[in-house]
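S.K.: Residue numbers (the UniProt record's numbering): 1 to 312.
By construction, the Cβ of each residue, glycine as well, lies at the ideal position given by its N, Cα and C atoms.
On a predicted model such as this, the values are computed, not experimentally measured, just so you know.
One structure follows; several queries about it will come next.
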Ligand SMILES: Cc1ncc(COP(=O)(O)O)c(C=O)c1O
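Printed below as a string of structure tokens:
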């Protein structure tokens, strides 16, 4: 089959194959089962020179200057000013490499440098060179994590990281996990898992087959907990908010009172969201006491650790 393909490509009497082979610097196209691979979309020399020009800009502006205390955390501009400066119009014809490189510089210049030593936020901890190179590699390879065949290395890496995290948490009996794009999505997964645990029929029968479900969370929790309730059809009115003490920790006695209230109302209490590192105060809810209440009332206990310096 390879010979047939080569004949087709080298047949310059065909207008299509002549135009595919023409521009210098392009890899020769290959026909496989009637599909052109290595085709004209990529001029390999142009691509290489662009990458070679872009990398020093990234290193200088987004790595070195962005982590240098003498430089600014951000070159702040109002939205109106920034729109003018960036010229965000999407043009049909594309742009030259020098123009795109200038856009790279501008994108970095006017962005907030989250790795800067003066950027203080609970979700960031500076720039880590090893993670950065890891991200360069994953971006260059651009894998999906859905099967071993597509991402063998990263799938095994995910398993190894989850195994280590489960060890750190101390789950003797083992456990499972998933990489998630952030805290909000993790909280939503948690509500879904808790609901499935209590009402496995939901998967097939849907919400109409369920009793009124009630979940609990402290007044200091992240708003994504209520958002998860809204997205999953629980309803924000069915998120019972538990008062916190003056240090921002959920008050266990108040939690138990609210569980009893839901039961008295004929609803099905099914989960609590406890927070280990609240968004504003960094408070840790009393996990042991909350766990005891969960055991007494058969509730799923989720711990949201997205806001603290420890990330799970
Ligand atoms: C405690 C807590 N949970 C969840 C989130 C949401 O995380 P993300 O922004 O990654 O969705 C945050 C974000 O600040 C948080 O502090």
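Output the distance between the C-alpha atoms of residue 236 and residue 230, rounded to the nearest integer angstrom.
M.R.: Here the alpha carbons of residue 230 and residue 236 stand approximately 6 Å from one another.
S.K.: Where does residue 306 fall in DSSP's three states?
M.R.: Of the three classes helix, strand and coil, the one that applies to residue 306 here is coil, per DSSP.
S.K.: Out of curiosity, what's the CA-to-CA distance linking residue 300 and residue 152?
M.R.: 33 Å
S.K.: Should the region 241-258 be called in touch with the region 273-293, which here means at least 3 C-beta pairs below 8 Å?
M.R.: The way I'd put it, the region 241-258 does touch the region 273-293; three or more beta-carbon pairs between them come closer than 8 Å.
S.K.: What I want to know is whether the C-beta of residue 297 ends up closer than 6 Å to one or more non-hydrogen atoms of ligand 1.
M.R.: Set against 6 Å, the gap from the CB of residue 297 to the closest heavy atom of ligand 1 is not smaller.
S.K.: Within 6 Å: the Cβ of residue 279 and any heavy atom of ligand 1?
M.R.: Taking 6 Å as the cut-off, the C-beta of residue 279 counts as close to a heavy atom of ligand 1.
S.K.: For residue 155, report the span of its beta strand (DSSP E) as first-last.
M.R.: Looking at the DSSP string, residue 155 is not in any beta strand (DSSP E); the run it does join, the alpha helix (DSSP H), is 152-169.
S.K.: Run the proximity test for residue 244: is its beta-carbon closer than 6 Å to any non-hydrogen atom belonging to ligand 1?
M.R.: no
S.K.: Please determine if the region 99-106 and the region 124-137 are in contact, where contact requires at least 3 C-beta pairs separated by less than 8 Å.
M.R.: no
S.K.: Can you look up residue 274 in the DSSP assignment and give me helix, strand or coil?
M.R.: strand
S.K.: Taking the beta carbon of residue 76 as the centre, do at least 16 other beta carbons fall within 10 Å, making it buried, or is it exposed?
M.R.: exposed
S.K.: Work out the CA separation of residue 116 and residue 108 for me, nearest whole Å.
M.R.: Rounded to the nearest angstrom, the two C-alpha atoms are 13 Å apart.
S.K.: Beta-carbon separation of residue 216 and residue 270 under 7 Å?
M.R.: no
S.K.: Under three-state DSSP, which class holds residue 251?
M.R.: coil
S.K.: Are there any heavy atoms of ligand 1 lying less than 6 Å away from the beta-carbon of residue 180, as far as the coordinates show?
M.R.: no
S.K.: Could you name the residues of the same chain whose beta carbon sits closer than 8 Å to that of residue 177, not counting the 5 residues immediately before and after it, in chain order?
M.R.: 162, 165 and 166.
S.K.: Give the single residue among 53, 67, 286 and 219 whose Cα lies nearest to the Cα of residue 120.
M.R.: 67
S.K.: Closer than 7 Å by C-beta to residue 69: which residues in its own chain qualify, once you throw out the five before and the five after it? Chain order, please.
M.R.: Cβ within range, chain order: 117 and 118.
S.K.: Name, in chain order, the residues that DSSP records as bridge partners for residue 281.
M.R.: Answer is none; residue 281 lacks a bridge partner.
S.K.: How long is the line joining the alpha carbons of residue 210 and residue 267, rounded to whole angstroms?
M.R.: 10 Å
S.K.: DSSP three-state call for residue 129: helix, strand or coil?
M.R.: helix
S.K.: Exposed or buried, residue 188, counting other C-beta atoms within 10 Å across all chains shown (16 or more means buried)?
M.R.: buried
S.K.: What does a CB cutoff of less than 6 Å around residue 50 pick up in its chain, not counting 5 residues either side in sequence?
M.R.: 97
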